[in-house]
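Trainee: Here it is: the structure, laid out below.
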Amino acid sequence: MTFSLRTASVVALSAATLTLGLTACTTDDADKEVTETATATETTGTTTATATDSAETSASESVATETATETATATETKAVEMVELDGQQVPADIAAKIEELGGVEKLDGISKVTKEGDADVVYLGEHRRIYFTPETGAHLIQGKILETWIEQGGVDSDLGLPTSDEKEITNGWQSDFQKGQITWTSATGEIGDFQPTIVNN
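Sequential numbering of the sequence shown, starting at 1, is according to the UniProt record's numbering.
See the structure below:
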């Protein structure tokens, strides 16, 4: 009888141990599954966040590119307004300058309308020109100052484009440019004594 009880106890103990072992394994497996699920969730979350960030970045870059393209296109397509004057199409700003200076007839008529570099140009007779860009405006350059500027390279010179009409100064005349001035002056006032002076800023 004692043997039977001991045997039963051993069997019961073994069964309990086995149950605990199975429970522990089950718990370990469950923990492993939870850990793997959490890791997978974190990985998925990270991947999703990364994909979202990439999509947002791409969208922002796309918008920026489109905006830059639209701005460039708008700038390129901005046309200079043209009007008819003396039988020719000329930029409206140059036409306004001609009227300001007394009209076409006073300036010897329009002999040529062209472009030089970025500037629209109207030739008036043989010794006058009006240069125009949206940045510098429309300005008259003439006579010996025009001749001197052309010798320096005109629109391609270090002086750049005219930024003022020719104006009278003491003992002569002066024209201002983007990067300097040209004066035509005489120390004595005698006609044969006039000389050009170029000043680069």
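A virtual CB, placed ideally from N, CA and C, is assigned to each residue, including glycine.
Take every Cβ of the region 150-158, pair it with every Cβ of the region 112-119, and state whether three or more of those distances are shorter than 8 Å.
Mentor: yes
Trainee: Would you mind sorting Ser175 into buried or exposed? The rule is 16 or more other CB atoms within 10 Å of its CB.
Mentor: buried
Trainee: Measure from the alpha carbon of Ile169 to the alpha carbon of each residue in Gly103, Val121, Leu124 and Gln181, then state which is nearest.
Mentor: Gln181
Trainee: Along the beta strand (DSSP E) that carries Leu146, what are the first and last residues, could you check?
Mentor: Not the beta strand (DSSP E): Leu146 falls in the alpha helix (DSSP H), residues Gly143 to Gln152.
Trainee: Answer with buried or exposed for residue 208, where buried requires no fewer than 16 other C-beta atoms within 10 angstroms of its C-beta.
Mentor: In the structure displayed, the chain extends from 1 to 201; residue 208 sits before or after that span and is not available.
Trainee: Once DSSP output is grouped into helix, strand and coil, what is the label at Lys179?
Mentor: coil
Trainee: Would you kindly report the start and end of the unbroken beta strand (DSSP E) that includes Lys167?
Mentor: Lys167 to Ile169
Trainee: Can you check the region 78-131 for any alpha helix (DSSP H) of at least 4 residues that lies completely inside it and give the ranges in chain order?
Mentor: 92-100
Trainee: Can you tell me whether Glu99 is buried or exposed? The criterion is at least 16 other CB atoms within 10 Å of its CB, across all chains shown.
Mentor: Exposed, since its Cβ has fewer than 16 Cβ neighbours within 10 Å.
Trainee: What does the Cβ neighbour count give for Pro91, buried or exposed, with the cut at 16 atoms within 10 Å?
Mentor: buried
Trainee: Quick check on Thr183: buried or exposed, where buried means 16 or more other Cβ atoms within 10 Å of its Cβ?
Mentor: Buried, since its Cβ has 16 or more Cβ neighbours within 10 Å.
Trainee: With distances taken Cα to Cα, identify the nearest neighbour of Asn201 among Gln178, Gln195, Gly189 and Phe194.
Mentor: Checked all of Gln178, Gln195, Gly189 and Phe194; the closest Cα to Asn201 is Gln178.
Trainee: For a test of the three-state rule: what should DSSP assign to Gly192, helix, strand or coil?
Mentor: helix
Trainee: Return the chain-ordered list of same chain residues with a C-beta closer than 6 Å to the C-beta of Asp93, the five sequence neighbours on each side being excluded.
Mentor: By the criterion of a C-beta distance shorter than 6 Å, Asp93 is surrounded in its chain by Phe132 and Ala138, once the five residues flanking it on both sides are discounted.
Trainee: Out of Leu107, Leu124 and Gln142, point me to the one whose CA is closest to Asp165's CA.
Mentor: Gln142
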